[in-house]
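J.: In order, the protein sequence lines correspond to chains A and B.
First residue of the first sequence? That's 0 in numbering that gives the first Met the number 0, and the numbers climb one at a time after it.
First residue of the second sequence? That's 0 in numbering that gives the first Met the number 0, and the numbers climb one at a time after it.
Sharing a structure with you now.
There are 2 protein chains.
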Amino acid sequence: MTSSVTAHPASVATPAYDGLARTFERLHHLQHLQSIAAWDRASKMPPGSNEARAAAMAEMAALMHRMRTEPTLHLGLERAEQEPLDALQRANLREMRRQWRLANALPESLVQRLRLATSRCEHAWRTQRPANDWAGFLVNFREVLAAVREQAHRLAQTTGLGPYDAMLDQFEPGMTCAQLDPVFGAVRQWLPGLIDRVVDKQSREPVIEPRGPFPLAAQQALSEQVMRLLEFDFSVGRLDLSTHPFTGGVPQDVRLTTRFRDDEFLAGLLGTIHETGHGRYEQNLPRELITQPVAESRSMAIHESQSLSFEMQLAGHPAFAGLLSPMLRQAFGDQPAFEPGNLHRLITRVCRGRIRVDADEVTYPAHIILRYGIERALIEGQIEAEDVPAQWDAGMAELLGIDTRGDFADGAMQDVHWPEALFGYFPCYSLGAMYAAQWFAAMRREMPALDAGIARGELRPVFDWLRRHIWLQASRHETAELAIRASGEPLNPAHFKAHLEARYLG
Amino acid sequence: MTSSVTAHPASVATPAYDGLARTFERLHHLQHLQSIAAWDRASKMPPGSNEARAAAMAEMAALMHRMRTEPTLHLGLERAEQEPLDALQRANLREMRRQWRLANALPESLVQRLRLATSRCEHAWRTQRPANDWAGFLVNFREVLAAVREQAHRLAQTTGLGPYDAMLDQFEPGMTCAQLDPVFGAVRQWLPGLIDRVVDKQSREPVIEPRGPFPLAAQQALSEQVMRLLEFDFSVGRLDLSTHPFTGGVPQDVRLTTRFRDDEFLAGLLGTIHETGHGRYEQNLPRELITQPVAESRSMAIHESQSLSFEMQLAGHPAFAGLLSPMLRQAFGDQPAFEPGNLHRLITRVCRGRIRVDADEVTYPAHIILRYGIERALIEGQIEAEDVPAQWDAGMAELLGIDTRGDFADGAMQDVHWPEALFGYFPCYSLGAMYAAQWFAAMRREMPALDAGIARGELRPVFDWLRRHIWLQASRHETAELAIRASGEPLNPAHFKAHLEARYLG
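This is the structure we're talking about:
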């Protein structure tokens with residue numbers, strides 16, 4: 000992205016486009032303050048300040064919503080279509096239109112209904128989940144489902160897509176069930192067998208457990224050291240603590256959060272590495288257009304492909320343990336568990352479990368395929384809210400061989416997504432894992448010495464490839480085009496299967 | 000403040016007032032985000048993010064300025080005057096009108112000119128001050144002065160006040176030179192002699208110096224412990240670090256900052272205590288009207304009277320050292336300097352110096368009276384920018400007996416106020432010290448056992464008095480009325496003189 004949205008030859012007048020660019024620049028600046036306030040709320044804000052902060056952020060959200068639904072904006076979009084725009088401006092206009100469509104698709108009454116239903120459901124869920132209270136949850140969740148079906152119906156009308164496709168499209172533009180079904184269908188066939196073989200193989204490979212405690216200050220220092228190895232730019236970013244790790248802030252000021260427990264360090268460290276992937280994507284979005292929609296990250300799956308490139312492809316790489324090992328010894332003192340081979344086995348240990356967020360990269364797709372099937376059937380009206388547990392138990396039995404009957408807390412109630420009406424989001428996690436494998440396959444084709452370099456600590460070629468093909472591309476191209484330009488093909492899940500087989504059975 | 004701005008009997012319609020209340024509520028919410036972003040910038044933001052943050056905050060400032068200068072707002076103010084408002088609503092309307100007048104007094108071109116001139120002057124000042132480059136500073140400062148004279152002229156037209164009075168009124172509504180002149184004139188008479196006597200007396204009282212280093216983590220823990228003693232509410236506030244200590248955030252989420260050096264602890268601790276006074280005022284503003292102008296702090300001098308009630312009246316109280324002493328021993332280990340009598344002598348040591356922000360409470364007014372005379376003469380055109388050093392040297396010689404000739408860096412260039420066009424602000428510092436002495440005189444009349452209680456660590460009566468008479472009053476009354484209701488009289492500087500004589504010569 001070398002040209003600029005604002006620098007035109009004087010002879011080419013694009014007043015409608017220029018007006019839109021200014022509006023989106025204003026939105027970008029206001030979103031900056033909203034993002035920092037959100038990070039602060041999760042990471043620094045004292046507990047008693049929540050009500051005032053929520054009111055302030057709601058005011059800002061309403062203000063930005065008014066800007067995005069301002070009637071003249073539609074007129075501007077229509078007029079700009081007729082203006083002599085270059086390719087980059089046209090891509091920016093496409094992304095503007097997309098954001099406009101999302102903001103204008105739902106009537107205010109439905110937005111309000113969704114907000115009330117999710118807020119009630121999510122709030123009660125916080126206590127219902129630990130109490131395993133499915134019956135209580137169901138009362139509120141039915142309201143969420145009714146509202147979200149209406150949302151899917153409205154989005155489908157606006158986009159011309161099917162109702163679940165329209166929900167997907169919010170997070171992963173261009174992705175449809177027609178593409179997902181064969182992809183996830185194939186995984187469903189080979190995954191249970193692969194898990195069996197990996198678990199069997201690993202049962203014959205003894206692993207030495209690390210011994211704690213692992214002081215929190217040492218974990219913080221270690222995390223920052225690893226982030227530096229991964230070239231996170233601390234001059235425009237920070238690492239702090241929060242209950243749930245996330246990447247917040249803005250591209251010019253990326254705020255990562257993580258969490259530490261003193262009896263364990265690996266989950267915290269891998270969480271930090273995951274967020275560092277998100278963070279580097281944001282930090283390397285093209286600066287010259289940073290205020291415009293075209294300079295925003297492409298999609299949730301592409302974002303996840305960056306965090307998983309860091310967490311799974313890099314940190315799970317057999318050579319990465321060799322880089323990490325001396326850092327662990329420095330942080331916590333020497334112990335047998337930190338031997339590189341053992342450390343790699345610790346990082347890549349596969350285990351059938353009930354909890355998605357704790358899952359390894361091999362079993363993770365099972366959690367996603369399960370949720371995809373259920374939430375799509377819910378949106379399309381093939382099942383009702385009360386049918387979820389039976390579907391859940393059957394899916395977990397089939398995909399992971401786990402009996403989950405009666406456990407709602409660590410079953411269908413484990414994630415915040417459904418209480419918050421985030422239907423259509425789950426597939427992005429596995430799509431991200433697939434894209435990450437596809438990027439690394441492309442890198443290896445271009446750079447046959449890549450793995451030998453990683454073993455020597457040379458991670459720069461990886462970052463340069465990602466910067467050139469993903470980060471600096473931002474939203475210039477739609478996802479399929481981005482994938483083709485980066486790797487020579489659209490989404491190809493064969494790379495993911497080959498990656499798992501090579502790493503876990505090779 | 001027990002009644003509410005929004006709860007009316009159904010029969011009394013106040014649509015114009017209600018509309019204004021909603022507008023100011025929206026501004027309150029947006030200001031919340033702006034305040035948190037400002038705190039973050041000073042305390043957490045990585046250095047490379049400044050440009051993006053500045054752009055975001057400028058966008059928000061412009062947006063709030065548009066809301067405050069929206070033409071219908073004036074109409075609303077006019078109409079609300081005719082509505083059947085109660086006393087509290089009328090006070091709120093008065094404060095709304097005041098904020099409206101301040102926002103609408105200056106044409107956009109002048110606001111722009113001030114912004115450019117101060118931004119250029121302040122930026123260059125950061126390097127010119129260490130280089131003692133008065134000639135370089137003068138070039139930019141002349142531009143600031145020309146713009147600020149125009150500002151004073153405009154504000155004078157709007158308010159009907161004199162030009163310097165109009166500048167003062169921005170920070171200390173109702174205060175005028177006619178009131179200040181006799182007050183500062185009297186201080187100018189007795190202060191040099193008082194300083195002589197105090198310095199002479201203290202020269203015969205040996206003081207043991209504390210021995211460092213004082214670990215920063217121990218200073219942070221000590222600061223938080225002292226803030227708890229002073230009943231700062233950490234459930235709606237925090238303490239962090241910044242280059243210059245300040246009280247930021249919002250009443251529902253007060254963000255104090257301080258700074259520590261490991262070779263010294265007392266300045267850092269007293270700075271924290273000072274900010275805690277500001278913080279408790281903000282935390283205890285009346286919550287039921289918190290979104291409205293009437294619930295904001297009364298003025299800069301009243302705010303400063305709270306920080307100085309904590310720093311000077313309380314921390315400088317002979318009994319306070321007895322409360323502090325065990326905390327210091329716990330934080331840094333025992334040493335002779337922490338003996339309560341010695342500690343009190345350390346806290347109340349008087350020293351003639353060049354730097355205002357390092358000054359003790361006895362010499363401080365000299366720094367203010369000097370600046371008041373110079374900045375008023377500048378605004379009124381009796382002197383020009385190039386005349387400042389001569390005036391400075393003469394004033395420092397007269398008031399403090401110090402020869403400052405040739406030292407511009409620690410002379411007229413030491414404060415950021417003039418580069419930033421904050422003319423009319425300096426008097427508030429000394430007015431705050433005078434009000435603080437007046438509050439404690441009133442407390443002692445009401446509670447003869449106050450000092451004996453303080454010696455026993457019973458600070459609650461002080462806080463209760465301040466809460467009732469100052470904090471919960473917010474902006475319900477104008478300053479003179481607030482002072483009369485709190486202490487039975489308007490500003491009476493005799494209490495300040497009596498306080499200094501009792502503490503330093505008693």
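Backbone N, C-alpha and C fix where the C-beta goes; we use that ideal spot for every residue, glycine too.
Quick check for students: name the residue ranges of the alpha helix (DSSP H) that lie wholly in the stretch 427-466 of chain A, counting only runs of 4 or more.
T.: Counting only runs of 4 or more, we get 449-454 and 459-465.
J.: Identify, in the order they occur along the chain, each residue of the same chain with its Cβ nearer than 6 Å to the Cβ of B/Gln381, setting aside the five sequence neighbours on each side.
T.: Same-chain partners within the cutoff: there are none.
J.: Along chain B, which residues have their Cβ under 9 Å away from the Cβ of A/Asp33?
T.: In the sequence as presented, Asp is not what sits at residue 33 of chain A; that position holds Gln. Those within 9 Å of A/Gln33 in chain B are Leu32.
J.: Determine the closest residue to B/Leu493 out of B/Val186, B/Pro388, B/Ala485 and B/Asn103, with distance taken between C-alpha atoms.
T.: According to the sequence provided, residue 493 of chain B is Ala. The question's Leu does not apply to it. Checked all of B/Val186, B/Pro388, B/Ala485 and B/Asn103; the closest Cα to B/Ala493 is B/Val186.
J.: Could you give the distance in angstroms between the alpha-carbon of A/Leu342 and the alpha-carbon of B/His64?
T.: Going from the Cα of A/Leu342 to the Cα of B/His64 covers about 58 Å.
J.: Rounded to whole angstroms, what's the CA-CA distance from B/Asp511 to B/Leu215? Just pull it up for me.
T.: No information on residue 511 of chain B is available, as it lies outside the stretch 0 to 505 that chain B covers here.
J.: Counting Cβ pairs closer than 8 Å, one from the stretch 118-132 of chain A and one from the stretch 196-211 of chain A, do we hit at least three?
T.: The stretch 118-132 of chain A, when compared against the stretch 196-211 of chain A, does not touch it at the 8 Å Cβ threshold.
J.: What does the alpha-carbon distance come out to for the pair A/Leu499 and A/Arg351?
T.: Going by the C-alpha atoms only, they are around 15 Å apart.
J.: Taking Cβ-Cβ distances shorter than 9 Å, what residues in chain A pair up with B/Ser234?
T.: Ordered by position in chain A, the residues that pass the 9 Å Cβ test against B/Ser234 are Pro45, Pro46, Gly47 and Ser48.
J.: Name the chain A residues whose beta carbon is nearer than 7 Å to that of B/Asp39?
T.: The answer, in chain order, is Ile35 and Asp39.
J.: Using DSSP bridges, identify the partner residues of A/Phe253.
T.: Reading off the sequence, residue 253 of chain A comes out as Val, not Phe. Its beta-bridge partners are A/Gly236 and A/Gly248.
J.: On a CA-only basis, which of A/Gly236, A/Leu327 and A/Met326 is nearest A/Asn283? Give me that one, please.
T.: Out of A/Gly236, A/Leu327 and A/Met326, A/Gly236 has the C-alpha closest to the C-alpha of A/Asn283.
J.: Can you say whether B/Ser202 is buried or exposed, counting buried as having 16 or more other CB atoms within 10 angstroms of its CB?
T.: When all chains shown are included, B/Ser202 counts as exposed.
J.: Using a Cβ cut-off of 8 Å (strictly closer), state whether A/Leu29 contacts chain B.
T.: Answer yes: the Cβ-Cβ gap between A/Leu29 and chain B drops below 8 Å somewhere.
J.: Pull up the DSSP beta-bridge partners for B/Arg260, would you.
T.: B/Arg260 pairs with B/Glu263.
J.: Would B/Ala266 count as contacting chain A if we go by Cβ distances under 8 Å?
T.: So no, B/Ala266 is outside the interface.
J.: Taking 8 Å as the cut-off, does the stretch 252-269 of chain B touch the stretch 444-455 of chain B (at least 3 CB pairs, one atom from each stretch)?
T.: Short answer: they don't touch.
J.: Kindly list, in the order they appear in chain B, the residues whose Cβ is closer than 7 Å to that of A/Gln219.
T.: Those do not exist, as A/Gln219 stays about 14 Å from chain B at its closest Cβ, beyond 7 Å.
J.: Taking only three categories from DSSP, how would you classify B/Gln508?
T.: The structure shown does not extend to residue 508 of chain B, since chain B is modelled only from 0 to 505, so the question has no answer here.
J.: What residues from chain A crowd round B/Ala55, counting only those whose CB sits closer than 7 Å?
T.: Neighbours of B/Ala55 on chain A, chain order: His28, His31 and Leu32.
J.: Three or more C-beta pairs closer than 8 Å, one from the stretch 215-225 of chain B and one from the stretch 255-262 of chain B: is that the case here?
T.: In short, these stretches touch, since the Cβ pair count reaches three.
J.: Taking all protein chains shown into account, do 16 or more other C-beta atoms lie within 10 angstroms of the C-beta of A/Trp391, making it buried, or fewer, making it exposed?
T.: With 16 or more Cβ atoms within 10 Å of its Cβ, A/Trp391 is classed as buried.
J.: Using a beta-carbon distance below 8 Å, is A/Met326 in contact with chain B?
T.: Chain B contact via Cβ: absent.
J.: Looking at the structure shown, is A/His416 part of a helix, part of a strand, or coil, going by DSSP?
T.: Reduced to three states, the DSSP call for A/His416 is coil.
J.: By how many angstroms is the C-alpha of A/Thr117 removed from the C-alpha of A/Leu490?
T.: One C-alpha to the other measures close to 33 Å.
J.: Where do the ends of the alpha helix (DSSP H) carrying B/Glu204 lie?
T.: No alpha helix (DSSP H) holds B/Glu204; DSSP gives it neither H nor E.
J.: Looking at the C-beta of A/Met226, does it have a partner C-beta in chain B at a distance below 8 Å?
T.: No - not a single Cβ of chain B is within 8 Å of the one on A/Met226.
J.: Looking only at its chain, what residues have a beta carbon closer than 8 Å to the beta carbon of B/Ile373, apart from the 5 residues adjacent to it on each side?
T.: Counting only Cβ-Cβ distances below 8 Å, and skipping sequence neighbours, we find Ile382, Val387, Gln390, Trp391, Gly394 and Ala411.
J.: Mind checking whether B/Phe309 and B/Leu240 have CB atoms under 8 Å apart?
T.: No, they are not a contact pair.
J.: Please list the segments of the alpha helix (DSSP H) lying wholly inside the stretch 41-69 of chain B, counting only runs of 4 or more residues, in order along the chain.
T.: Runs found: 49-68.
J.: Excluding the 5 residues preceding and the 5 following B/Leu62 in the sequence, name in chain order all residues of the same chain whose CB lies nearer than 8 Å to its CB.
T.: Leu29.
J.: Residues of chain B with a CB under 8 Å from the CB of A/Met59: which are they?
T.: Within 8 Å Cβ-Cβ: His28, Leu29 and Leu32.
J.: Taking just the CA atoms, how far does B/Gln188 sit from B/Val349?
T.: Looking at the two C-alpha atoms, the distance is approximately 19 Å.
J.: May I ask you to verify whether the stretch 36-50 of chain A touches the stretch 74-81 of chain B, counting CB pairs closer than 8 Å and requiring at least 3?
T.: Cβ pair count under 8 Å is below three, so no.
J.: Could you tell me whether the stretch 91-106 of chain A touches the stretch 138-145 of chain A, where touching means 3 or more Cβ pairs closer than 8 Å?
T.: They do not touch, by the three-pair rule.
J.: Between A/Pro250 and A/Gly278, what straight-line distance do the alpha-carbon atoms span, to the nearest angstrom?
T.: For A/Pro250 and A/Gly278, the distance between alpha carbons rounds to 8 Å.
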